[in-house]
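Chains as they are written, first to last, in numbering that gives the first Met the number 0: chain A, 0 to 254; chain B, 0 to 254; chain C, 0 to 254; chain D, 0 to 254. In this text, a Cβ means the ideal position worked out from N, Cα and C, and glycines have one as well. None of these values were measured; they are calculated from a predicted model. This report refers to the structure that appears directly beneath it.
Number of protein chains: 4
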Amino acid sequence: MKPVCLVMGAGAGIGGTVGRKFAKEGYHAVLCRRSDAEGLRKLVSGIEAEGGEATGFLLNAVEENALEDRIEHIEREIGPIEVALFNLGAQIGSRTLTELTYKQFELGWRMATFALFRMAKELFPRMEERGGGTFLVTSATAAVRGNAGQHSHAAAMGGRRMLCQTLNAEYAPKGIHVAHILIDGAVDAPDTLGRMLGEEAFQKLREQRGLDADGLMLPEKMAETYYHVSQQHRSAWTHELDLRSFSDLAWWNHR
Amino acid sequence: MKPVCLVMGAGAGIGGTVGRKFAKEGYHAVLCRRSDAEGLRKLVSGIEAEGGEATGFLLNAVEENALEDRIEHIEREIGPIEVALFNLGAQIGSRTLTELTYKQFELGWRMATFALFRMAKELFPRMEERGGGTFLVTSATAAVRGNAGQHSHAAAMGGRRMLCQTLNAEYAPKGIHVAHILIDGAVDAPDTLGRMLGEEAFQKLREQRGLDADGLMLPEKMAETYYHVSQQHRSAWTHELDLRSFSDLAWWNHR
Amino acid sequence: MKPVCLVMGAGAGIGGTVGRKFAKEGYHAVLCRRSDAEGLRKLVSGIEAEGGEATGFLLNAVEENALEDRIEHIEREIGPIEVALFNLGAQIGSRTLTELTYKQFELGWRMATFALFRMAKELFPRMEERGGGTFLVTSATAAVRGNAGQHSHAAAMGGRRMLCQTLNAEYAPKGIHVAHILIDGAVDAPDTLGRMLGEEAFQKLREQRGLDADGLMLPEKMAETYYHVSQQHRSAWTHELDLRSFSDLAWWNHR
Amino acid sequence: MKPVCLVMGAGAGIGGTVGRKFAKEGYHAVLCRRSDAEGLRKLVSGIEAEGGEATGFLLNAVEENALEDRIEHIEREIGPIEVALFNLGAQIGSRTLTELTYKQFELGWRMATFALFRMAKELFPRMEERGGGTFLVTSATAAVRGNAGQHSHAAAMGGRRMLCQTLNAEYAPKGIHVAHILIDGAVDAPDTLGRMLGEEAFQKLREQRGLDADGLMLPEKMAETYYHVSQQHRSAWTHELDLRSFSDLAWWNHR
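Now the structure itself:
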């Protein structure tokens, strides 16, 4: 039985691509996403066509017990989750303080912070019992600096980063590797960035940066590092790292 | 009519003491706290005995509309809020991941992050219309680093810090001064630290560090800096500063 | 006999203005700068005209023993140095890696890092013997993030910031207050920014931002905070704070 | 002709081990260290015994032109340097401010900061002409926080970190990948830690942490990550990452 790599937030960008990478490396990829059954089916069959194993589930992570029940089910029916990727974002574009509603602010936290806590609570005791595991967390620039119009996103991501540190402090000595991966740039991901900008603006950006080139971060290249981190020996774990395109300025150098 | 200084979280430690300082400097101190009507009455009468103006309200900040209605009422009945201090904490002591419940984690966020967002949303448009204002935010070590057992506190405070940065980015140019004040040490505050540790342990700590001495941070001394920051000229604002006792190690130097 | 406030780097901007503030508050201001005897004479007589006490010295801080001998002399002839401001900058404008010479890089370090170490070594044991003292350090954005063309400045300032932390860790418990003051914006200082940009560009910047207004940071307003920090009670010391104009973006929000 | 991987500071710990890893992956490893010709010879012959290519040079990096001449020679005689590892440390153990001499403080800077600047100045224009290159920099906890007794080390490392950021800002768009690798823990390296602690204390530490176990960071495991970073696609570069043993606390959680 293959070890399971669970991806929470498996769109066509980072999540799905990392899942595919782990499948290629011998894991059973379990891909969860909120919507787009068709897209999910394609991801799974794409992995299978490459000889990999994958299962897909539609799942609304903010729904009560959705995460918890799914994890319970996966562990029982598919296998022990050795690696989990938390890849839920909460970027809703720029909103001024007056525009942003309580509901939106709360939803940001439910997606980006609370769901991570719930997932850790459900997973870590199981991993601890098995002697270890890996928890990869996709994060964003907003986790380290707040910008105008980013109230919901930054508050949620700032919480996410600190939570990764508390989890690491408590669980690293128990063999669970928590990695906070700071994505500091635009990812070539039609499902998220594309949807946020609108198709036209997204195409314009891609052309500006060079279509098929690497001005945008390429998920399949990012996946190499996600995988590497998951395979680090426990005497040399990385807890935090950044990823950006060579052509992009670091967050501390740009607006 | 005196300008109003509103303190959200006005216990016997930082909150009440900062309120008293502002009252001494000519503000009408409006003190809000969740419980202990007797303690609140003493704070108010203590200020009045010194010739200051103060009003006290019991208020559960996490309750729907509690903050918002109170601010609306203060602005209408007492006067424009020129300075506000957000002083709600969310330290519940050390809890392991398995001990900590969803409810506790959520409550931490409701107190420490969401209530701040709600207060800013209610206050900032009023301040902006008047050309400016000051928003002082008491924060904690957990806003900059996560430690074992601090899942709820660190996630909430990490969100708080990033939120202060987004508010600052959006509102500083509009004349609203947001200051994130990192309290990096134990405060001589019987209401919070005292209650958390229990009376005996608190007395022991005070004796260890020197009763009446300054091993613990003294609220009346801290209040001097809170007040100074509120009076900074807009060409030289501080957004973030730390406060600790000379005898304490900085957070980056200790466990 | 008045306590001494020693300013190393007392130009017409922050240094001289902070000296004047301390003189107004009852200190004997000792102002040291590298050049411009006439400017120094004006600073001193300006302070005296306000009823303050001041002495000026021309001094090249990077010269062997220059700092050390001067401090020895001041302590013997003028009085014990209670407060010292290290205000030497090392901003030489933008230089690419290939343009920047070894000599320039080394000079940056000699000015911004090594001179601070020398001053601490000379002063701190004297302060410790007297039971305490204050060491204010003007710092810059380059201490917390490196930018293109800033190799010398950032390396020197990054060293400065860490050095302030080591000094604080060792000497705070001995009663010496070390404060790292991050100046994150353009100061209305003809001697440094003015010289660097050239008169025309400097005037243009001032006009853009509003002459006599507060787009640029006003040294006399900044001096209020320098003074406040020096007067903090030892139970509530600030080790690091930032200062910027309300109309400026924080360093983490701009290029 | 194999591409060259140059290691500056190739002792028996990180430096030599990373060199060996790159040799195994098809690079010609050029190993430079200050002393111990015998140890260097063993490193080289060890690599050759595994079928790799390596050359060793004794070199005092702080000596005038030593670095520069060696790089010039390597490029001419061995081949273009594709990857360089700057692995010079400047940890001299704990020294109080009064114990630490000017000479020691300056030497720390010459080793840890200035030598890095010199190496970048010599290498980067060559790499730029060839369209790219990789510059790996071993760094230490002292680059992000200063501690008592660490004046020289922290000042030098703080400068190093900021310098890596300025180099990255200027050269990443030109295809040169600069990675600042924060080693946050004790490395199983008899040459440095062993020498610093003395043999007895080093053995005691190893035993405490578990000989042959991974309480200490194992250089051959760390080398995997050094190598991975050097192979990242330019659309997904890491500029900063930390490495520590699972059993160690992160720097923000310990003394």
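At least one CB atom of chain A sits nearer than 7 Å to the CB of residue 253 of chain C. Interface annotation, residue 144 of chain C: in contact with chain A, CB-CB separation under 7 Å. Remark: C-beta atoms of residue 235 of chain B and residue 20 of chain C do not approach each other more closely than 7 Å.
For residue 66 of chain A, the closest alpha carbon among the candidates A:122, A:152, A:239, A:53 is that of A:122.
Interface flag for residue 205 of chain D against chain A is unset, since no Cβ pair is found closer than 7 Å.
Closest in C-alpha terms to residue 240 of chain C, from the list C:198, C:34, C:189, C:183, comes C:183. According to the DSSP assignment, residue 32 of chain D belongs to the beta strand (DSSP E) that extends over 27 to 32.
Sequence-distant partners of residue 153 of chain C (beyond 5 residues in either direction) whose C-beta falls short of 6 Å from its own C-beta, in its chain, are 141, 145.
The beta carbon of residue 237 of chain D is closer than 7 Å to those of 178, 228, 231 in its chain, skipping five residues each way along the sequence. Nearest neighbour of residue 30 of chain D by Cα position, chosen from D:42, D:37, D:134, turns out to be D:42. Residue contact with chain D for residue 150 of chain C: present (Cβ-Cβ distance below 7 Å to some residue of chain D). In the DSSP assignment, the residues bridged to residue 243 of chain D are A:236.
Residue 32 of chain B sits close to residue 9 of chain B, with the two beta carbons spaced by under 7 Å. By the Cβ-count criterion, residue 101 of chain D is exposed, with fewer than 16 other Cβ atoms from all chains shown falling within 10 Å of its own Cβ. Contact between the stretch 96 to 116 of chain D and the stretch 101 to 111 of chain C is present: 3 or more CB-CB pairs across the two stretches fall below 8 Å.
A direct Cα-Cα distance of roughly 11 Å separates residue 89 of chain A from residue 195 of chain A. The contact set of residue 224 of chain C on chain B, defined by CB atoms closer than 8 Å, consists of 227, 231, 235, 237 in chain order. The Cβ atoms of residue 226 of chain C and residue 135 of chain C do not sit closer than 7 Å to each other. The C-beta of residue 34 of chain A has fewer than 16 other C-beta atoms within 10 Å across all chains shown, which makes the residue exposed.
Residue-level contact by beta carbon fails for residue 34 of chain B and chain C, as no gap is shorter than 7 Å. Of the candidates C:11, C:148, C:23, C:11 places its Cα closest to the Cα of residue 36 of chain C. When the Cα atoms are used, residue 205 of chain D and residue 137 of chain D turn out to be separated by approximately 22 Å.
By the criterion of a C-beta distance shorter than 6 Å, residue 216 of chain D is surrounded in its chain by 184, 186, 244, once the five residues flanking it on both sides are discounted. Under the three-state reduction of DSSP, residue 24 of chain C is assigned to coil, being neither helix nor strand. In its chain, beyond the 5 residues on either side, 218, 219, 221, 222 have a beta carbon closer than 8 Å to the beta carbon of residue 16 of chain A.
Per DSSP, reduced to three states, the secondary structure at residue 84 of chain A is strand.
Contacts with chain A at 7 Å (Cβ-Cβ) do not include residue 132 of chain B. At a Cβ-Cβ threshold of 7 Å, residue 52 of chain C and residue 120 of chain C do not count as neighbours. When C-alpha distances from residue 94 of chain D are compared across D:151, D:85, D:87, the shortest belongs to D:151.
For residue 228 of chain C, the enclosing alpha helix (DSSP H) has its first and last residue at 218 to 230. With fewer than 16 other Cβ atoms from the protein chains shown falling within 10 Å of its own Cβ, residue 44 of chain D counts as exposed. As the crow flies, the alpha-carbon of residue 180 of chain A is around 50 Å from that of residue 3 of chain C.
Rounded to the nearest whole angstrom, the C-alpha separation of residue 251 of chain C and residue 242 of chain B is 22 Å. Residue contact check for residue 221 of chain D against chain A: a CB pair falls below 7 Å. Listed in chain order, the positions of the stretch 171 to 184 of chain C with a beta carbon within less than 8 Å of a beta carbon of chain B are 171, 172, 174, 176. Ranked by Cα distance from residue 149 of chain C, the first of D:157, D:164, D:139, D:149 is D:164.
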